[in-house]
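Enquirer:
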DNA sequence: AAACGTTCCGAAAAGCTTTTCCTAGACTAG
DNA sequence: CTAGTCTAGGAAAAGCTTTTCGGAACGTTT
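Residue numbers (UniProt numbering), protein chains in the order written: chain W, 1 to 347; chain V, 1 to 347.
Okay, here's the thing in structure tokens:
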């Protein structure tokens, strides 16, 4: 690659970045003085400082953070290891974490293991080789996962999916509380004949949300219509078929709480097609606040937001504290937030 | 933080990672020998090599990639700068890139600028300080964006949203081709009275897709029903309202191509409610292959997949090549892929 | 026995920054 | 004028790895 007179190589980008030495040479001082001048240390004449700053400016000097890290033992990087990058749940968690770090001087390595243990080990290896200061492990479901172990050289926080090992730090969304919130909202809206259509029973999230709802119904002294939680799949078609069965069995329901917005969309469609009006005759709630689905429903869908950005943010904070030396092991639960839209308006 | 006998600090994670020196000391050789032994260099006796490997194993030694980078001038990292992390379009692109790199020994820094220029500069700064080998800039819409400029010390690839500067490398999805694909598919399915309902006209993607469709109709000598492309919003409600207007005006249409899956969902709902059967009387196509929306539609929605993972993968490949010294400037277009489901089955 | 080759290993430098310590010069005070 | 006090700036080491080069030990050949 030929080098031109101004130091630009032909690949279309400039030559290698300037170092302290280059700045020192240009300013006619030593590297030590440059370092002190640029970092605001004392023992530098104001005049010299200006001269150095101008030289640095001219060369587009940026300190090499890697070299700094070599010295300080801190790299200012963390690893974000997700098992499912496409998942629409892991993403907001990552966003929250990225955001919390991005404000400071920490950068985030992104790795997607695709739910593959081998790949996870590979990435873990790569991250540790890069001397990350800490790790956040983001799950794709709320099902607890194996711990990476206690032998790692850096602190680890598990987000969304908690670790099975209680010595680890985990941050999760409060699904049980969400179920309670849903029932309380229905009752406040004047409903008393409430059914629950859940997602896939294999998922802890499905069971937790339903359990919270059942607890709250019990507290209010209300029955669960249909007598039991209806588990199925996280799909619209499950919502449609299950609610048809439900109104056959209990024609007098006045509220349906769903384990997800997708299920709720199916429920809304099936109710409309069977001639029931929402919310006048039946109120419907979803879960997830999947905006494009919930706001475009007819009527717009009341739902529960898991505050996943907060989960991510909290994970980042815990990790940061642990890096500083004060770890807080255990499962940290983030409250959900109920969003009332038209589908649960007072009938 | 108190250190225990086995070298574990009380923060819950092990002490600082082992270095070459530690391994050398344990194996009773010099650091140079350890380096050669572990990297498969010659001039090491087999016996010594084994001894070193065992020592390294015992100490959980991982080479410090930062120190390696300091020497080689290559860090094995790239920056992924997105303007919208939540966007469901930028995400698959990132995934493809992460995947392409992840296979090798390159790690990805993730930064989200939130569409904010200041934040973008901040992140750019941070990434360059970390001496990334290259940058991928992922847009949130297909609208072209300002170039970061030609003065950066590393190569840059723009993905999804191309750079306005043709000296840059860009990778985009072929939206015009997608419009053509849609029409060709409709014609092959025996349709000839085709309308087009587009998204928001502010978006180049909306205009490109429509333009491709119009071109193809022209080639087939077919009319565009409704006489013009109907621009609106990327929402279900726009799909519902626009298709109602359309069938008022042209009751004899037999196909509707939509600018997105959301619009198509609205179209499907409105058609069903107005008594038209899909696909028997009218065929409907979407765009994006937003799986959870398309597969759960009634009937399942034919659509076009933008192959965004491929966009990301291609961006990674271009970047890698540029790092190696062979840049290929210009806009690289990735073909879309048509997915035929029931909504366009032969009538 | 002397000269020469191999083979294996270690010392040292390079890469970039920060920090500590030291020196040279300027100044003040006696 | 001498001794002492500051101050600005420089030299060097540390942090970790890789690579080059030189040296030691051993064996072979004349």
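C-beta atoms are modelled at their ideal positions from N, C-alpha and C, and glycine is treated no differently.
#1: Please specify which runs of the alpha helix (DSSP H), each continuous and at least 4 residues long, are wholly inside the segment 194 to 236 of chain V, giving them in chain order.
#2: Quickly, what does DSSP pair residue 185 of chain V with across the bridge? List them, please.
#3: Find the residues of chain V that neighbour residue 16 of chain W, judging by a C-beta separation of less than 8 Å, and give them in chain order.
#4: With respect to the alpha helix (DSSP H) encompassing residue 129 of chain W, which residues constitute its N-terminal and C-terminal limits?
#5: Using Cβ-Cβ distances below 8 Å, what residues of the segment 96 to 116 of chain W are close to chain V?
#6: Could you check what DSSP says for residue 306 of chain W in three-state terms: helix, strand or coil?
#7: Which of helix, strand or coil does DSSP assign to residue 114 of chain V?
#8: Under 8 Å between beta-carbons, which chain V residues line up against residue 236 of chain W? List them in chain order, please.
#9: Where residue 107 of chain W and residue 78 of chain V are concerned, what is the direct C-alpha to C-alpha distance, given to the nearest angstrom?
#10: For residue 251 of chain V, is the classification buried or exposed, using 16 other Cβ atoms within 10 angstroms of its Cβ as the cut-off for buried?
#11: Below 6 Å CB to CB, which residues in the same chain sit around residue 170 of chain V once its five sequence neighbours on both sides are set aside?
#12: Could you pull out every residue in the same chain whose Cβ sits closer than 8 Å to the Cβ of residue 307 of chain V, ignoring the five residues on either side in sequence?
#13: Please report how far the alpha carbon of residue 74 of chain V lies from the alpha carbon of residue 226 of chain V, in whole angstroms.
#14: Would you verify that the beta carbon of residue 126 of chain V is, or is not, closer than 7 Å to some beta carbon of chain W?
#15: How big is the Cα-Cα spacing for residue 233 of chain V and residue 71 of chain W?
#16: Going by C-alpha distance, which of W/180, W/238 and W/242 is nearest residue 214 of chain W?
#17: Could you tell me the distance, in whole angstroms, from the CA atom of residue 340 of chain W to the CA atom of residue 240 of chain V?
#18: Using only the alpha-carbon positions, how far apart do residue 20 of chain W and residue 31 of chain W sit?
#19: Report the three-state DSSP secondary structure of residue 44 of chain V (helix, strand or coil).
#20: Give the range of the beta strand (DSSP E) segment to which residue 164 of chain W is assigned.
#21: Could you give the DSSP three-state label for residue 77 of chain W: helix, strand or coil?
#22: Can you give me the start and stop residues for the beta strand (DSSP E) that residue 333 of chain W sits inside?
#23: Examine the Cβ distances between the segment 122 to 139 of chain W and the segment 75 to 94 of chain W and report whether three or more of them are shorter than 8 Å.
#24: Going along the chain, which residues of its own chain have a beta-carbon closer than 6 Å to the beta-carbon of residue 51 of chain W, five neighbours each way excluded?
#25: Return the CA-CA distance between residue 45 of chain W and residue 35 of chain W, expressed in angstroms with no decimal places.
#26: Going residue by residue through the UniProt domain "HTH lacI-type" (18 to 72) of chain W, where are the continuous alpha helix (DSSP H) segments of at least 4 residues, counting only ones entirely within it?
#27: Among W/183, W/317, W/261 and W/248, which has the Cα closest to the Cα of residue 276 of chain W?
#28: Between which two residues does the alpha helix (DSSP H) harbouring residue 137 of chain V extend?
#29: For the segment 169 to 197 of chain W, list every residue whose C-beta sits within 7 Å of some C-beta in chain V, in sequence order.
#30: What's the call for residue 296 of chain V, buried or exposed, on a 16-neighbour Cβ count within 10 Å?
#31: Between residue 62 of chain W and residue 22 of chain W, is the Cβ-Cβ spacing less than 7 Å?
#32: Label residue 280 of chain V either buried or exposed according to how many other C-beta atoms from any shown protein chain fall within 10 Å of its C-beta, with 16 as the threshold for buried.
#33: Among W/100, W/89, W/114 and W/42, which residue has its Cα nearest to the Cα of residue 316 of chain W?
#34: Whole angstroms are fine: how far does the CA of residue 138 of chain W sit from the CA of residue 312 of chain W?
#35: Could you check the C-alpha separation between residue 327 of chain V and residue 111 of chain W for me, to the nearest Å?
#36: Residues of the segment 203 to 226 of chain W with a CB closer than 9 Å to any CB of chain V: list them in chain order, please.
Expert: Considering the structure as presented:
#1: Segments of the alpha helix (DSSP H) lying fully in the segment 194 to 236 of chain V: 204 to 220.
#2: Here residue 185 of chain V is not bridged, per DSSP, to any residue.
#3: Neighbours of residue 16 of chain W on chain V, chain order: 73 and 153.
#4: Here the alpha helix (DSSP H) through residue 129 of chain W covers 117 to 129.
#5: Hits within the stretch, in order: 98, 99, 102, 105, 107, 108, 109, 110, 111 and 112.
#6: In the structure shown, residue 306 of chain W sits in coil (DSSP, three-state: anything other than H, G, I, E or B).
#7: When DSSP states are grouped into helix, strand and coil, residue 114 of chain V belongs to the coil group.
#8: Going along chain V in sequence order, the residues near residue 236 of chain W (Cβ under 8 Å) are 296.
#9: Going from the Cα of residue 107 of chain W to the Cα of residue 78 of chain V covers about 12 Å.
#10: Residue environment: residue 251 of chain V is assigned as exposed (fewer than 16 neighbouring CB atoms within 10 Å of its CB, all protein chains considered).
#11: Closer than 6 Å at the Cβ level, and outside the excluded window around residue 170 of chain V, lie 158, 162, 163 and 331.
#12: The beta carbon of residue 307 of chain V is closer than 8 Å to those of 173, 334, 335, 336 and 337 in its chain, skipping five residues each way along the sequence.
#13: Rounded to the nearest angstrom, the two C-alpha atoms are 58 Å apart.
#14: With 7 Å as the cut-off, residue 126 of chain V counts as an interface residue toward chain W.
#15: Taking the straight line joining both Cα atoms gives about 54 Å.
#16: The shortest Cα separation from residue 214 of chain W among W/180, W/238 and W/242 belongs to W/180.
#17: C-alpha separation (whole angstroms): 24 Å.
#18: In a straight line, the C-alpha of residue 20 of chain W is about 6 Å away from that of residue 31 of chain W.
#19: Three-state DSSP puts residue 44 of chain V in coil, outside helix and strand.
#20: Note, residue 164 of chain W: premise wrong, no beta strand (DSSP E); not H, not E.
#21: Assigned with DSSP and collapsed to three states, residue 77 of chain W falls in strand.
#22: Under the DSSP assignment, residue 333 of chain W falls in the beta strand (DSSP E) whose first and last residues are 330 to 334.
#23: At 8 Å Cβ cutoff, the stretches touch.
#24: If we look at residue 51 of chain W and ignore the five residues flanking it on each side, its Cβ neighbours are 27.
#25: Cα-Cα distance, rounded: 13 Å.
#26: Within the UniProt domain "HTH lacI-type" (18 to 72) of chain W, the complete alpha helix (DSSP H) runs of at least 4 residues are 20 to 27, 31 to 38, 46 to 58 and 65 to 72.
#27: For the options W/183, W/317, W/261 and W/248, the alpha carbon positioned closest to that of residue 276 of chain W is the one of W/248.
#28: Residue 137 of chain V -> not in any alpha helix (DSSP H); beta strand (DSSP E) instead, spanning 134 to 138.
#29: Of all residues in the segment 169 to 197 of chain W, none has a Cβ within less than 7 Å of some Cβ in chain V.
#30: Per the 10 Å Cβ criterion, buried.
#31: The answer is no: Cβ separation not under 7 Å.
#32: Residue 280 of chain V counts as exposed, since fewer than 16 other C-beta atoms from the protein chains shown sit within 10 angstroms of its C-beta.
#33: Checked all of W/100, W/89, W/114 and W/42; the closest Cα to residue 316 of chain W is W/100.
#34: Near 9 Å, if we compare the C-alpha coordinates of residue 138 of chain W and residue 312 of chain W.
#35: In a straight line, the C-alpha of residue 327 of chain V is about 26 Å away from that of residue 111 of chain W.
#36: Within the segment 203 to 226 of chain W, no residue places its CB atom closer than 9 Å to a CB of chain V.
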